[in-house]
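If you read the sequence shown in this note's numbering, its first letter stands for residue 300, the second for the next number, and so on. Each residue gets a CB set at the ideal place from its N, CA and C atoms; glycine is no exception. Remember, it's a predicted structure, so these values are computed and weren't measured experimentally.
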Amino acid sequence: MTSDTPTRPGLGEGTRTASRPGPAPWPQRLRRFGYGAGPRTDTRARLVPPFPEPDTRLWEWLGLGPRPARRLARSTGWLGPLLVAVFAGALRFWHLGSPRAVVFDETFYAKDSWSMLRLGYEGTWPDRKIADPQILAHPQVIPLSDAGSFVAHPPMGKWVIAVGEGLFGLDPFGWRFMTALLGTLSVLMLCRIGRRLFRSTLLGCLAGALLAVDGLHFVMSRTALLDLVVMFFVLAAFGCLLVDRDSARARLAAALPVEEDGFARPDAHTGEHAGTGPRPWRLAAGVLLGLAAASKWNGLYVLVFFTALTVLWDVGARRVAGAHSPYRAALRKDFGWSVLSMVPVAVLTYLATWTGWFLSDKGYGRHWADGRGGTWSWIPAPLRSLWHYEHAVYRFNVGLHTPHRYQSNPWAWLVQGRPVAFYYESPKAGQEGCHAAAGCSQEILGLGTPLLWWAGCAALVYLLFRWALRRDWRAGAVLCAVGAGYLPWFNYQDRTIFSFYAVVFVPFLCLAVAMMVGALLGPPGAGERRRLTGVVGAGALVLLIAWNFIYLFPIYTGQTIPYADWHARMWLDSWI
């Protein structure tokens, strides 16, 4: 390998001179130890690494010519994610209306969603022991009153669930339809997000496939709760920010001066003064994060984390472009627009989701501020009424300490120490397809696929190494997203909280495992033995995770199985 260090005129390797030669340049001295200067890189490629040309060898081996093989190989960027999403959708929509029951907190959200569909706000229902059987009965009775009811969560997630109820009615399939659809679409999104993040269709599809077979994501996709809706909006916002990152860096790359040899070099003026143009994808991320917060308030923490993340991405882009003071340049050129396109947009989006409540007369607390004076009387009464309502909701949420059998501490979430039993029945022999003399069990357990989550713990440690010691921005992005969905819950360890809240960050845990698997496969140019070892190790891990999901599938879907088979699947006593 040659060095870029110029040689002195008249002196080449092997030339003898009368004078004693001076010390060799550092590159030449280090060449003795295997050092060689790498190929020159274009700054534009450092700002926006290109997607590698897809490999056509498989298609040519199957008998296709070079041109159709190349066309088919390029189509895998969408074909692969679509196939993974179809697989995930088939799992999630299979017997979606079973069990025909109100599962866990569906008793709140399914009914509130129907109320919003009919009234625009949450009305009042009788006690669940009365209302739930009436809703499931034939003929159906819907005992909804138009008196406003106090609820603990904002309306967006319930509006989403209401779409399915509007299409299919107030029954289990109807109120689970939209979460199943969003769960399927989130698998497709994760494939594409992973592909963009890692510049690898294989690793992107692997991340999506891991999400497809995660038990927690699977159960939440088949249950009408709000947390999967939050996950969907957070993941979509992350994808928008990734596209925004590439678009903004591409504009910086286009502004760099190009030398005679065709290479672009870093330029201080460009790095500090060039604009990045309109940022529609960042605005879209602001809207999506507003929708996440309007589904459950933990979306607000994600807004803070992602705003900081995108600002740091802008700093990194200007550093690569050549800015001498990248923080000052990003503060001057990007920070204001970053905050304005995220925070105010999210706030306005949040308020827009309350439109039904604003337009109502009987929504809970709707007219609290009417006719009231005081310091804040200049603010429109509907906004003051909403603020009063939200303050009451905040006090309720932070003060929720009622013990629950399945509550868990966040420290146990990553290892799935205490999952939530969403549904459990114990039919006797001869009932509901039970053929075991000792009786059977039917359970829906909100348990992440254990081997996936345990591998995820190792993957997070690996990503910490990549981010802290290798400055790998991809690892930092995934860790930020995991932290946004996970770390804030440590502030509420005394509150009644549940492990299924972790579904918000499970897509990013799958990205972490996919990145670790990519490391197992070996770097580009790895030797055949190294590559073979990596393929065997990575393949074994993925197959074990898939087997683990298949083995636990009966307790994810409420199937009737012998009690002994159910108990064999309770690997830890804390799962019971």
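Environment of residue i [buried if 16+ CB atoms lie within 10 Å]
i: L842; result: exposed
i: W788; result: buried
i: Q858; result: buried
i: V383; result: buried
i: G311; result: Low local confidence applies: a pLDDT of 39 at G311 is under 50, so the model's placement there is unreliable, and no value is given.
i: Y715; result: Just to set this straight, residue 715 is Gln in the shown sequence, not Tyr. So Q715 ends up on the buried side.
i: L658; result: exposed
i: C809; result: buried
i: N790; result: exposed
i: F407; result: buried
i: L587; result: buried
i: S499; result: buried
i: F350; result: exposed
i: L418; result: buried
i: A825; result: exposed
i: G335; result: Confidence in G335 is poor, its pLDDT being 49 and thus under 50, which makes the residue's placement too unreliable to answer from.
i: D303; result: Here D303 scores only 42 on pLDDT, less than 50, and its place in the model is too uncertain to base an answer on.
i: P912; result: Since the first and last residues shown for the chain are 300 and 875, residue 912 lies out of range.
i: S676; result: exposed
i: W366; result: It should be noted that the sequence gives Arg, not Trp, for residue 366. Exposed: under 16 other Cβ atoms inside 10 Å.
Spatially closest choice to residue i from the options, by CA coordinates
i: G784; options: L534, P351, L611 and R828; result: L534
i: F764; options: G493, F403, V402 and L778; result: L778
i: A736; options: L744, E405 and K727; result: K727
i: V697; options: H452, V614, R794 and G493; result: R794
i: L840; options: L509, D354, A344 and L515; result: L509
i: G745; options: A801, Y693, A389 and V781; result: A801
i: Y855; options: V347, D513 and W686; result: D513
i: V646; options: W612, G589 and R704; result: G589
i: S725; options: L416, R370, G738 and G836; result: G738
i: W612; options: G664, H687 and A774; result: A774
i: N597; options: A451, Y408 and Y761; result: A451
i: A536; options: R694, Y626, A592 and P681; result: A592
i: R581; options: V402, G538 and L599; result: G538
i: L505; options: W846, P861, I849 and G838; result: G838
i: A876; options: G615, L639 and V638; result: Any answer about residue 876 is impossible in this case: the structure gives the chain only from 300 up to 875.
i: P853; options: M415, G362, E359 and V518; result: V518
i: L713; options: V760, E689 and Y688; result: V760
i: L466; options: V644, L820, A436 and L416; result: L416
i: D431; options: P702, F403 and F449; result: F403
i: S414; options: G376, L443 and G364; result: L443
i: D771; options: R704, A691 and R345; result: R345
i: S448; options: V692, L786 and G732; result: V692
Expected contact under 8 Å - CB spacing of residue i and residue j to nearest Å
i: G469; j: I434; result: Correcting the residue identity first, residue 469 is Leu in this sequence and not Gly. Going by Cβ atoms, the distance from L469 to I434 rounds to 6 Å, so yes, they are a contact pair.
i: L527; j: G482; result: 6 Å
i: A780; j: F807; result: 4 Å
i: W360; j: A372; result: Contact doesn't hold; Cβ gap of about 12 Å is too wide.
i: A811; j: G755; result: 6 Å
heavy atom of the ligand NAD below 7 Å from residue i C-beta
i: F532; result: In terms of ligand content, the structure shown is empty, and the ligand NAD therefore cannot be addressed.
Beta-carbon spacing of residue i, residue j below 8 Å
i: W874; j: P679; result: no
i: W474; j: S412; result: yes
i: G621; j: A549; result: no
i: M530; j: A584; result: no
i: L685; j: A511; result: no
i: T609; j: L540; result: yes
i: I844; j: L750; result: yes
i: T423; j: F721; result: no
i: Y420; j: G655; result: yes
i: Q741; j: Y723; result: yes
i: S594; j: L699; result: no
i: G817; j: F497; result: yes
i: K661; j: D872; result: no
i: R578; j: W636; result: yes
i: L851; j: T748; result: yes
i: H687; j: G664; result: yes
i: L480; j: L381; result: no
i: G821; j: R829; result: yes
i: L489; j: G507; result: yes
i: L555; j: R356; result: no
i: P625; j: R617; result: yes
i: V638; j: T674; result: no
With a floor of 4 residues, list each alpha helix (DSSP H) that falls wholly inside the region 426 to 510, ordered by position along the chain.
-> 427 to 435, 455 to 467 and 471 to 497
Starting from the N-terminal side, write out each stretch of the beta strand (DSSP E) that is 3 residues or longer and does not extend beyond the region 575 to 606.
-> none
Within the region 726 to 808, ranges of the alpha helix (DSSP H) (whole runs, at least 4 residues) | 749 to 769 and 772 to 785
Length-filtered (4 minimum) alpha helix (DSSP H) runs lying within the region 632 to 707 | 635 to 639, 642 to 651, 654 to 657 and 680 to 697
Let me know the alpha helix (DSSP H) ranges lying completely inside the region 333 to 406, each 4 residues or longer, listed in chain order.
-> 342 to 346, 356 to 360 and 365 to 392
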